[in-house]
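Trainee: Quick one: the structure is below, questions incoming.
Protein chains: 6
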Amino acid sequence: MPLHIRIITPIVTEGVRTLDDIESLQSDDLRVSQTLIDIGPASIESEFDGALSVPGLLARAIEAEQEGVDALVIDCMGDPGLKAAREVLSIPILGPSETSMHIAAMLAGRFSLITVLESVRPMLSDLAKIYGVWERLASIRVVDIPVLEIGADLGRLNAALAHQAAEAVAHDGADAIVLGCTGFFGCAEFIAAELAARGLSVPVIDPIPATVLTAAALVRAGLTHSKRTYPTPPQKQLKGFSLPEFRR
Amino acid sequence: MPLHIRIITPIVTEGVRTLDDIESLQSDDLRVSQTLIDIGPASIESEFDGALSVPGLLARAIEAEQEGVDALVIDCMGDPGLKAAREVLSIPILGPSETSMHIAAMLAGRFSLITVLESVRPMLSDLAKIYGVWERLASIRVVDIPVLEIGADLGRLNAALAHQAAEAVAHDGADAIVLGCTGFFGCAEFIAAELAARGLSVPVIDPIPATVLTAAALVRAGLTHSKRTYPTPPQKQLKGFSLPEFRR
Amino acid sequence: MPLHIRIITPIVTEGVRTLDDIESLQSDDLRVSQTLIDIGPASIESEFDGALSVPGLLARAIEAEQEGVDALVIDCMGDPGLKAAREVLSIPILGPSETSMHIAAMLAGRFSLITVLESVRPMLSDLAKIYGVWERLASIRVVDIPVLEIGADLGRLNAALAHQAAEAVAHDGADAIVLGCTGFFGCAEFIAAELAARGLSVPVIDPIPATVLTAAALVRAGLTHSKRTYPTPPQKQLKGFSLPEFRR
Amino acid sequence: MPLHIRIITPIVTEGVRTLDDIESLQSDDLRVSQTLIDIGPASIESEFDGALSVPGLLARAIEAEQEGVDALVIDCMGDPGLKAAREVLSIPILGPSETSMHIAAMLAGRFSLITVLESVRPMLSDLAKIYGVWERLASIRVVDIPVLEIGADLGRLNAALAHQAAEAVAHDGADAIVLGCTGFFGCAEFIAAELAARGLSVPVIDPIPATVLTAAALVRAGLTHSKRTYPTPPQKQLKGFSLPEFRR
Amino acid sequence: MPLHIRIITPIVTEGVRTLDDIESLQSDDLRVSQTLIDIGPASIESEFDGALSVPGLLARAIEAEQEGVDALVIDCMGDPGLKAAREVLSIPILGPSETSMHIAAMLAGRFSLITVLESVRPMLSDLAKIYGVWERLASIRVVDIPVLEIGADLGRLNAALAHQAAEAVAHDGADAIVLGCTGFFGCAEFIAAELAARGLSVPVIDPIPATVLTAAALVRAGLTHSKRTYPTPPQKQLKGFSLPEFRR
Amino acid sequence: MPLHIRIITPIVTEGVRTLDDIESLQSDDLRVSQTLIDIGPASIESEFDGALSVPGLLARAIEAEQEGVDALVIDCMGDPGLKAAREVLSIPILGPSETSMHIAAMLAGRFSLITVLESVRPMLSDLAKIYGVWERLASIRVVDIPVLEIGADLGRLNAALAHQAAEAVAHDGADAIVLGCTGFFGCAEFIAAELAARGLSVPVIDPIPATVLTAAALVRAGLTHSKRTYPTPPQKQLKGFSLPEFRR
């Protein structure tokens, strides 16, 4: 039976995460499913959006463990709810930001993040500090395209990403690029080719594939997060939210 | 007209934050009010609890600014929703954890936090890293009493707090103590006296008074958080939550 | 009876700290007084000047505690004698550099200091390291105007400060500005307006008001520095200086 | 065709790395092979041993890329020759120390390494600094058993490992354990069970399986190390070593 | 002509620094002289004492450069006035704390300081942060003997130093010892022998000889401090101190 | 009898290290000798080259201690084999990179390294991290001249070094320069003069003289590296290398 990994896209907008994306990740021994959340924001471009996605994400995460899914991946570079979800789950749940930044730190001296908007910068900076890779972060650059307009003009998006990536390599000392929004899924190949054409070839990390494959590796290695870092919360009243019961 | 500061207690349990606490903070030129949240957890003892308190807290925070309150204080040492709230507010909103840790860093070389339960430790560690005071944190110690049992036996609580504080000073190198739960409001005096009696006198920071007074100082200095670090979120659909409109 | 805070201006030049400055800080419950020192430099623009201001400052500080003043503020961004003074005092004494940098770290991700001369840069860098906010310091910029010429042409000064502040926000990643010389008292409003006019609005921290108000908040919260970090010095012979006796 | 990963055991002693170890890692889509080196030390327990293993390891690594192997794993927690090998290879080569430490940093707040001898401690400390996880390293503990005696008494080894792991969790603040010698392959399960029995359950990372599975994930994600961090060395005379030619 | 290095002992107590100490440092090509200061404290055991030693030290330092001395060494582990003196000098002036800590960082992974009194601990901690060796400092330990009683019972002093040094190596992870008071001159040999007898042999750095010899090496290498880090102070009025004129 | 220090040039190319260089370092009480290695690379411009120089260097280092040499200096800024050599030696062995970076950290706030080629940058960055001076490193700049072409056109070399040094001071915030290749021996004077001519005067550290003189100072102070940081390796089989026996 193949491993089953579920991607939780912590927004309420349909059609942003395409079926093509998911299918490309599957293989004989890896099943990938995906779900949106019921309550939350249309997209995540701020701490405010991220915070409002967490209750919906927690519901989906608890359900997935109950269904027998092997691991979860949060489909947002803000890694919203990652720590809260680990407290209520036994199976691994990975954030693409944490995972991609550690992979980048293994493959290169310093890396840059290319993301959507200036408003996301403080959130990504804080994550780099918590994850302990702050010294390896060469820069954060933005293409200035909102999440929900990513699909509107892929040519413009790819050109903007390649331009910022090239600037990061040439001027900021980046030896690797991490795509700073999971909505950029699929753009890594074009960016890598553009960088190579300019003599600036470096690894370009597409967070969703990298994180799904890392989640699978962790499951196969029998590993999950530490319950001493992420202890199960004590039982108590919760008003206004109806979350599925989780294992205590 | 006196300055008006509102304390938002981000839980749904009535009677935990007492009227006495609030009155003791008031003076001729400082009015202090307090509110609970409508939806959220009974108490906060994990990242999970903290995350579920944020939607309710954001609603109360936006309302308060609309009412003309001058500054806000979050009544929880996890500082839940601090960054999200700053994005939607113009008036200062302070977290007692951020504020107390910076005050401790100003008054002493290293400080210890004494909090309720082991499950809170990772949350406080992460905050110390984000706030940049990690190197100043001598230790985090716990009294192993849940938040909702704090009021049940104040003698036992005070003894446990004084014991852990004394251990922190004697063995961990703490030169100041920060009370690690806002439910400990009012215990600082007893702890300080106990420490003095053991020849271990150090400042004991009670987060709610310290944070309310710092908030008042910021308002009087004409200061609030930076909108470049906390940019106003873009307008978008939000499903399942009905928050008041905020200024954009 | 109002709280009484004294500003010690650690130089011997009369007329630099004006009566207007002090009056603007006072209120019904806050009395502010000010004093120069007897022996020391005309102004402080180097470690050398700072070191020579300390004996005079210590004398004034001990006297103030004996008089019953509630807290002290050092009127120089080099925070000269801060640690030495805390060793001989029970009441709080605050440095504007330490206080302003911690406030900036609370209000913004990164901040820049705008100071008088290049010669002050190493001193401020060292302070940022000791205070633990080095990673939050985006840059130090100078207006290249000596301390004693600050008052000569306020228009030129304001223009230079606003220009450097704008450069810090636009190019160095500063999300807040800290005025890097207490002689810039009163300039924050103009700089903030200029930044707003250029679409670069960030908090501008004027160190003296911010520090005086923080000192008042600490006194009201019953807090002072730790005597374990700042232990009272042992009694011994002191040749060439006649300092008032301090409490041991 | 399955992915092919080769483990290079950088010592000259036959029989230390067993066939069982390798077979347990294989699956339908993952082939694992293994090789010793021709010149070098009997085992690696110091920087001296590690340095003398590098020429032999580089030869094996270049050969493997020429053979069409997809990725390489160094079979020693000193990660000897990792940086040198990346300079002469296009395919990924992973060190178990770098990989395991980053995995531990993703799964837990802090982790401890349990290794063979005191003499290995400085080497592992330096690696933690270079890899950027120094702050996450709770402690390094040793079982005081030389590498070549690991197989002599597995019962004693397992007991010693479990004891040190339990001490690390109970006293050093470790929330995860990384086995600090690849010779400990296979011991993780016993240690995890012992920790669970003592109420100290945390993830126990067995470096070789974790690194082989991560290497496979990187290959599947199309990622390898950055040639800007690991540039191809210029051609030049090399006396006393006959290495295979590598791609320039 | 031999190199001439002068030791400035920044206290007013005669007889503490003995002639024997100085003579032992001299050789055919190295002349060592020594001087006390005119105004200042009897000994240095706090930031307060240190601050009051600086004006006297600056006078002696400027005089020495005028006399043609080649380099200066401050005879106190608080390195009082080091930065101020560098601003007014062209010749090298070294602090034994800065020099010894860097030497220790070159010879060992981590080191401990053994000093006189608890009151000195915060001063030495701050220096370790400014000098950038904080992560290399395993611990600071004290013998609890005031500076002016060091000479009273050398047997007791040596025993206490050896005991604390052994504890630092055995329990704090120190791989080298730095004597934390220049009054301990001459004790290194005894401590090293005691450590060796206990199987805890590590380098024991005696700050004055190490710093005098490093100063000589810098002069021979034609090196001195950077005038960009230590710029010459601008000319201005100085009241209450009569310092010799320095080169501008 | 004069002190005897030997420089080990860890390459096989004759004529790169000239007799003039060595003679200039000698004095009545300091004898300096020099040797190449037997097996290894023609020059060192990568981690790969550095790794292949170590076996040859270890042989020469052990021989030198047996001959009675007092201290050793590695003639390459990659400090190849430094840690391995310290494990097998009792006498001090110094790397010019470690030594020069610590000297620079003592003389200036921040420093820049000027080296040969881009390929050396990651190696020097890693060393700065291990040595603990990363925060003091303003930048690494290159002249883009391979090691073996250094002697071909000294005018071009000096001009390129002076240009990069001036840029480092003017734009990167460097307050000192460290020559980043020991092949630049003798260029410091020209660079210093050029910097002075441009009003950018800072210390320029020539690593070989600075390291030889520091090694002599350590020997005279009776200091060597800690055998707890660099423990003697256990005896074991070594295949393919014939190293002289070292003291255990």
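These protein sequences, in sequence, are chains A, B, C, D, E and F.
1 is the number of the first residue of the first sequence in our numbering; add one for each residue after it.
1 is the number of the first residue of the second sequence in our numbering; add one for each residue after it.
1 is the number of the first residue of the third sequence in our numbering; add one for each residue after it.
1 is the number of the first residue of the fourth sequence in our numbering; add one for each residue after it.
1 is the number of the first residue of the fifth sequence in our numbering; add one for each residue after it.
1 is the number of the first residue of the sixth sequence in our numbering; add one for each residue after it.
For glycine and all other residues, C-beta sits at the position ideal for the given N, C-alpha and C.
Taking 8 Å as the cut-off, does the region 63 to 73 of chain E touch the region 1 to 21 of chain E (at least 3 CB pairs, one atom from each stretch)?
Mentor: yes
Trainee: Quick check on the DSSP output: the beta strand (DSSP E) that includes residue 4 (chain F) runs from which residue to which?
Mentor: Element bounds for residue 4 (chain F): 3 to 8.
Trainee: Using a C-beta cutoff of 8 Å, does residue 59 (chain F) count as contacting chain D?
Mentor: no
Trainee: Exposed or buried, which one is residue 166 (chain E) when buried takes at least 16 other CB atoms within 10 Å?
Mentor: buried
Trainee: Go ahead and pull the three-state DSSP assignment for residue 211 (chain D).
Mentor: helix
Trainee: Using beta-carbon positions only, say whether residue 16 (chain A) and residue 180 (chain A) come within less than 8 Å of one another.
Mentor: No, the pair does not count as a contact, with Cβ atoms beyond the cut-off.
Trainee: Below 9 Å between beta carbons is the criterion; list the residues of the region 110 to 133 of chain B that meet it against any residue of chain D, in chain order.
Mentor: 121, 122, 125, 126, 129
Trainee: What do you get for residue 102 (chain F), buried or exposed, if any count of 16 or more other CB atoms within 10 angstroms of its CB means buried?
Mentor: Classified as buried, residue 102 (chain F) has 16 or more neighbouring CB atoms from the shown chains inside 10 Å of its CB.
Trainee: Assuming residue 226 (chain A) and residue 177 (chain A) make a contact with CB atoms under 8 Å, what is their CB distance in whole Å?
Mentor: The Cβ separation is near 30 Å, so there is no contact.
Trainee: Along the beta strand (DSSP E) that carries residue 35 (chain B), what are the first and last residues, could you check?
Mentor: 30 to 35
Trainee: Buried or exposed for residue 175 (chain D), going by 16 or more other Cβ atoms inside 10 Å?
Mentor: buried
Trainee: Is the shortest distance between the beta-carbon of residue 135 (chain E) and the beta-carbons of chain F less than 8 Å?
Mentor: Residue 135 (chain E) counts as touching chain F.
Trainee: Under a Cβ-count criterion, where at least 16 other Cβ atoms within 10 Å of its own Cβ denotes burial, should residue 19 (chain F) be classed as buried or exposed?
Mentor: Counting the other CB atoms within 10 Å of its CB gives residue 19 (chain F) a total below 16, which places it among the exposed residues.
Trainee: May I ask you to list the residues that DSSP assigns as paired with residue 176 (chain F)?
Mentor: Residue 176 (chain F) pairs with F:111.
Trainee: Going by DSSP, name the residue or residues bridged to residue 249 (chain D).
Mentor: Nothing can be reported for residue 249 (chain D): it is not among the residues displayed for chain D, which extend from 1 to 248.
Trainee: At a cut of 8 Å, does the region 134 to 146 of chain C reach the region 113 to 122 of chain C through at least three beta carbon pairs?
Mentor: With a cut-off of 8 Å, the region 113 to 122 of chain C and the region 134 to 146 of chain C count as touching, because enough Cβ pairs lie within range.
Trainee: In angstroms with no decimal places, state the Cα-to-Cα distance between residue 24 (chain E) and residue 208 (chain E).
Mentor: 11 Å
Trainee: Quick one: is residue 74 (chain F) near chain D, going by C-beta distance under 8 Å?
Mentor: no
Trainee: For residue 78 (chain A) and residue 100 (chain A), which I take to be in contact (beta-carbon distance under 8 Å), what is that distance rounded to the nearest angstrom?
Mentor: Their Cβ separation, rounded to whole angstroms, is 13 Å, which puts residue 78 (chain A) and residue 100 (chain A) out of contact at 8 Å.
Trainee: Could you have a look at residue 138 (chain B) and say whether DSSP puts it in helix, strand or coil?
Mentor: Three-state result, residue 138 (chain B): strand.
Trainee: Nearest chain A C-beta to residue 69 (chain D) closer than 8 Å, yes or no?
Mentor: Not an interface residue.
Trainee: Would you say residue 9 (chain D) faces chain F, with C-beta separation under 8 Å as the test?
Mentor: no
Trainee: My output table needs one value for residue 71 (chain F): the three-state DSSP class, helix, strand or coil.
Mentor: It is a strand residue.
Trainee: Name the chain F residues whose beta carbon is nearer than 9 Å to that of residue 42 (chain D)?
Mentor: By Cβ distance, chain F contributes 236, 237, 238, 239.
Trainee: Does the beta-carbon of residue 157 (chain F) have 16 or more other beta-carbons within 10 angstroms, so that it is buried, or is it exposed?
Mentor: Buried, by the Cβ-count rule.
Trainee: Below 8 Å between beta carbons: does that hold for residue 41 (chain C) and residue 8 (chain C)?
Mentor: Annotated as distal: residue 41 (chain C) and residue 8 (chain C), with beta-carbon spacing of 8 Å or more.
Trainee: Counting only Cβ pairs nearer than 7 Å, list the residues of chain B close to residue 247 (chain C).
Mentor: Residues of chain B passing the Cβ test: none, with the nearest at roughly 14 Å.
Trainee: Find out if the Cβ-Cβ distance for the pair residue 21 (chain D), residue 190 (chain D) is shorter than 8 Å.
Mentor: No, they are not a contact pair.
Trainee: Does the CB of residue 52 (chain E) have a neighbour CB from chain C at under 8 Å?
Mentor: yes
Trainee: Touching or not, the region 239 to 248 of chain E and the region 209 to 220 of chain E, by the rule of three or more beta carbon pairs under 8 Å?
Mentor: no
Trainee: Around the Cβ of residue 149 (chain B), are there at least 16 other Cβ atoms within 10 angstroms (buried) or fewer (exposed)?
Mentor: exposed
Trainee: Can you tell me which of the three DSSP states residue 54 (chain A) falls into?
Mentor: helix
Trainee: What separation, rounded to the nearest whole angstrom, lies between the Cα atoms of residue 65 (chain E) and residue 37 (chain E)?
Mentor: Those two C-alpha atoms are separated by around 15 Å.
Trainee: Am I right that residue 59 (chain B) and residue 89 (chain B) are in contact with their C-beta atoms under 8 Å? What's the rounded C-beta distance?
Mentor: Your pair residue 59 (chain B) and residue 89 (chain B) does not check out as a contact, with CB atoms roughly 12 Å apart and the cut at 8 Å.
Trainee: Would you give the residue range spanned by the alpha helix (DSSP H) that residue 131 (chain F) belongs to?
Mentor: Unbroken alpha helix (DSSP H) run through residue 131 (chain F): 121 to 131.
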